[in-house]
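Presented below is the structure to which this report refers.
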Amino acid sequence: MMNARNTYTVSGLIITAVLLFGFTRPNGNESKEEKKSESMPLYGNWKTYGKKDGLPSDKIYAVRADGDRLWVGTNQGLALLEDGVWTVYTEEDGLAHRGVLAIDVSPVTGDVWIATMSGLNRFSGGKFETFTQFNSGLANDVIYSVICDGKDVWVATGGGAGVLDTYTGKWGIYTEQNAPMHEPWTYSICAGGNKIFIAAWGGGVIEWNKETQRFRDYTDPDGEMEIDLFPDDGVVHDITTAVSYSNDMLWVATYFGMSTYDGTHWKGYFDHDSGLASNFINFIRAKDGIAFMCTDNGLSSFNGETWVTYKGGKVIIDGNSAGERSLDATSSISHDFTIGVDLTENEIWVATSKGLCRGEVIGSTETKTSKL
Amino acid sequence: MKRLIPFLIILIFSVDTYAQYKEKNYGNTPNEIVPYANFQNAYKKHFLEPWPFRGSGREKAEPAGLETVRIGLLAPLENSKDVPKGMQMKQGAMLALEQANAKGGYKGIPFELMPHNDVGLWGAAANEVVTMDDEGVWAILGSLNDIVTHVAIRVALKCEISVVNMADPDPTLTETNIPWVIRVISDDRQSSYALANRIYKVDNHQRVSLLRANNRYGRVGTGEFKDASRRMGHPVAVEVRFEDGHTDFTDQLNTIKKNNSDAVVLWGDAKEMGLIINQMREMGMNHPVYACDRAVTGEFLEVAGKNADGVTTTCQYNPKLPNPKYDQFVTKYKERFNTDPDVFAVHSYDAMNITIEAIRRAGLNRTKIRDLLTDMETFQNYKGASGEIVFDATWNDVGQIYMVDIKGNDFHYKPFEAEYQAYTGSVK
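Residue numbers (the working numbering), protein chains in the order written: chain A, 1478 to 1849; chain B, 98 to 525.
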């Protein structure tokens, strides 16, 4: 039986080990060690859709799967793919603005919520309803992100975050006046773990705890824009661009790398020390424990163990590691500048700077092949 | 060998300034104040190379049938205390645009300025940039206020329109990695380093108090100064704030007085800083005063009167240097607008000239215009009316900044670089 002194000694050793492993990190070269690989789906048989197919533009900002339907936001309007037919909605149909930046579907009502560059739309019963600064509690008309969380609809706007209780019609606005953000610049929003997470441009991540009704913020601990002092000490940069939550893990995208947060520990990932395609991440969506990062140089996916990146006509598995594999692909995403992504059971939809791409699961990272 | 000497001399002088800049720390930060440098090398350093724009757009054909080539302007033009500055921004841009039109515009099509007020409802700038996108502008100039400009550049990124900033000194503006933003005026990081060097190295002060505007300009502007002070071994002793428009600063000055400071730094607008220095002297506070660059105005001299004497500040350009471009600009500006240009007018004039030149060379394609503005060649070392513009990897102007000493109701300029070398014996 250990006495109290020995207990303290063992505890001290454990704490020291945790601190050492928690706060030290190899540099980029040292990280090139053989990693234990966990199977990840591989997507292929890519097909591209654009103006020639009936979309209003080739520049795709957002994509959202809704059962058998697919909603697509472009810089020239909203498109719906249903039963193989594209239907386009523009300002003439009631769309608040041609620039559609984000889309979500209410699990409660089936209403489609559309974030545009000049107002928020609810598409319900075939009709558009428009919310703006002038007729609602919206903080700003440029809506970067919208999510449905039960009866609540949350938005991230150029003038703060907002929430609409669709039962009461009441709005809440969160800015630097009542939330821990220096400025009311919000860029992305997600829900998970009974919390709402907001990517606040220049302010890191703001967390709203639905149970305690309180905010807290997560910022880069070094407080400097030009460096990341330690990658695993917090969010890698305060210029956050997207957040997503899945399997008790928060995924945070920035223009300087990516972070994950499991509620206790942060981890940072960069394009020089991981399989991340680029540090410039436009969007992130995590589902069933796998996150998809839309970067300016390809689409990356990661499950915490294995990386898969689609870029330049290749599929790269565990890039920047000793176990890196590069597969030649017979088809690929149409452009490496990726902006949005969504998934169904067996397919993936990717919004790019030049076309909307659909891929399907054709194997896994365990597949022994050099070609897809 | 002798025949090679002229060639070698040419080679030495043709080494571009960006290459020289790359040898320095980010933001021209002196070694002793590089963040955390004394105990830890950063795991990841950003802004070492310009970030590319990898999206599509270059393939788009030039539109036909345009009646004008539109360039947006975002500035405080109505309902703001900053309207006088906004008007200087607008007039500087207008002058350059009118001169370009007199020379044939763009292939015979006149340029058209699309001015937008950035003051209004929350996030007004975001809505205005969307409107400018709808208007079909090819690039945007602006704005002054950092909260406005940050909002604007995020929307500009989505719309893929270049923003040429000529008035916002917020260091973080170009630290966002958005490859659609350039700035042609030095920022508060450069001003802060210059002031800190003068205060602690040249004038040997030890204990400094800071009195700043209680807004983002005051908070972010002084951020680099406070960091530099701390890293130089002189953390700011006390920081107090004042509200825009206030005229009585007794409480704040009493706090400073009690704190036994040996110098005071002011950061705010010219009028408030003038009133503060008057009240300091009335209260018997004879501290040396250092101020942000907004003191380099006629308004500050007018408000502070004889109390302005002895104040040290900085400026992003030196209007007293021999520069025919500046002299011509001033003459034409006075003729056109019947008033003297200020720092915002001259930088706005340069910003518009750069933008017009980029459009003329790249053609009517937003992505190609961006490519030209950010290629680190075409406009690197651009010699405008405000002087030479030197871009760092974030497309921020890190060219020369000037120390300004106020004596005899006049501004006396001196390059910071010369002062830095004289007292430290090294180059930044």
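The beta-carbon is built from N, C-alpha and C at its ideal position, and this holds for glycine as well. The model shown is predicted, which means the values in this text are computed figures rather than measured ones.
How is the beta strand (DSSP E) around residue i delimited, first residue to last?
i, result
"Met211(B)", "208-214"
"Asp230(B)", "Taken as a continuous stretch (DSSP letters only), Asp230(B) belongs to no beta strand (DSSP E), being part of the alpha helix (DSSP H) at 221-232."
"Gly1789(A)", "Counting along the chain, Gly1789(A) falls outside any beta strand (DSSP E), and DSSP gives it neither H nor E."
"Asn198(B)", "Segment 180-199 is the alpha helix (DSSP H) holding Asn198(B); no beta strand (DSSP E) there."
"Asp1694(A)", "1691-1695"
"Arg467(B)", "Taken as a continuous stretch (DSSP letters only), Arg467(B) belongs to no beta strand (DSSP E), being part of the alpha helix (DSSP H) at 463-470."
"Met1735(A)", "1735-1738"
"Asp1819(A)", "1815-1820"
"Asp1543(A)", "1537-1543"
"Leu1555(A)", "1554-1559"
Taking the continuous alpha helix (DSSP H) assigned at residue i, which residues delimit it?
i, result
"His444(B)", "440-459"
"Ser288(B)", "285-293"
"Ile250(B)", "243-256"
"Ala401(B)", "395-401"
"Phe434(B)", "421-434"
Under a CB-based cut-off of 9 Å, is residue i close to chain B?
i, result
"Ala1616(A)", "yes"
"Met1594(A)", "yes"
"Glu1660(A)", "yes"
"Asn1552(A)", "yes"
"Asn1655(A)", "no"
"Gly1740(A)", "no"
"Gln1610(A)", "yes"
"Gly1499(A)", "Confidence is the limiting factor: at Gly1499(A) the pLDDT is only 42, short of 50, which leaves the residue's position unreliable, though a coordinate-based value still follows. No, no contact with chain B."
"Leu1804(A)", "no"
"Leu1820(A)", "no"
"Thr1567(A)", "no"
"Pro1438(A)", "The requested residue 1438(A) is not part of the displayed model; chain A covers only 1478 to 1849."
"Ser1830(A)", "yes"
"Val1713(A)", "yes"
Any beta carbon of chain A sitting closer than 9 Å to that of residue i?
i, result
"Val495(B)", "no"
"Val248(B)", "yes"
"Gly542(B)", "Only positions 98 to 525 of chain B appear in the structure, and residue 542(B) is not among them; the question remains open."
"Asn506(B)", "no"
"Gly201(B)", "no"
"Tyr297(B)", "no"
"Asp230(B)", "yes"
"Asn214(B)", "no"
"Ser288(B)", "no"
"Gln137(B)", "yes"
"Asn312(B)", "no"
"Ala293(B)", "no"
"Lys422(B)", "no"
"Gly169(B)", "no"
"Lys142(B)", "yes"
"Gly233(B)", "no"
"Phe150(B)", "yes"
"Pro147(B)", "no"
Rounded to the nearest angstrom, how far is the Cβ of residue i from that of residue j, given a contact under 8 Å?
i, j, result
"Cys1667(A)", "Ser1583(A)", "Actually they do not touch by this definition, with Cβ atoms about 15 Å apart."
"Leu292(B)", "Thr411(B)", "6 Å"
"Thr1586(A)", "Gly1596(A)", "Between Gly1596(A) and Thr1586(A) the Cβ distance is about 20 Å, and since that is not below 8 Å, they are no contact."
"Met1770(A)", "Leu1753(A)", "6 Å"
"His1812(A)", "Ser1830(A)", "5 Å"
"Leu350(B)", "Met380(B)", "6 Å"
"Ala1573(A)", "Asn1612(A)", "Going by Cβ atoms, the distance from Ala1573(A) to Asn1612(A) rounds to 11 Å, so no, they are not a contact pair."
"Ala388(B)", "Val305(B)", "Rounded, the Cβ-Cβ distance is 13 Å, inconsistent with contact."
"Thr1592(A)", "Tyr1621(A)", "Checking the displayed sequence, the identity of residue 1592(A) turns out to be Ala instead of Thr. Confirmed, Cβ separation roughly 7 Å."
"Trp235(B)", "Val333(B)", "Actually they are not in contact, since the Cβ atoms of Trp235(B) and Val333(B) sit about 44 Å apart, beyond 8 Å."
Cβ atoms of residue j and residue i: under 9 Å apart, would you say?
i, j, result
"Ser1777(A)", "Thr1783(A)", "no"
"Ile1794(A)", "Asn1780(A)", "no"
"Arg316(B)", "Val337(B)", "no"
"Asp1581(A)", "Val1540(A)", "no"
"Val501(B)", "Ala392(B)", "yes"
"Lys1551(A)", "Tyr1538(A)", "One detail in the question is off: residue 1551(A) reads as Thr in this sequence, not Lys. Against a cut-off of 9 Å, the Cβ pair of Tyr1538(A) and Thr1551(A) comes out as a contact."
"Thr1815(A)", "Thr1846(A)", "no"
"Val1623(A)", "Ala1616(A)", "no"
"Val260(B)", "Ile250(B)", "yes"
Can we count residue i as close to the ligand ADP, meaning its CB is less than 8 Å from some heavy atom?
i, result
"Gly1670(A)", "Of the ligands one can find in the structure shown there are none, so the ligand ADP has no counterpart to examine."
Extract the residue ranges of the alpha helix (DSSP H) inside the region 328-379 of chain B, only unbroken runs of 4 or more that lie entirely within it. 347-355, 367-379
Length-filtered (4 minimum) alpha helix (DSSP H) runs lying within the region 494-521 of chain B: 513-521
Identify every run of the beta strand (DSSP E) within the region 1620-1652 of chain A, keeping only runs that are complete inside it and at least 3 residues long; order them along the chain. 1620-1626, 1629-1634, 1637-1642, 1648-1651
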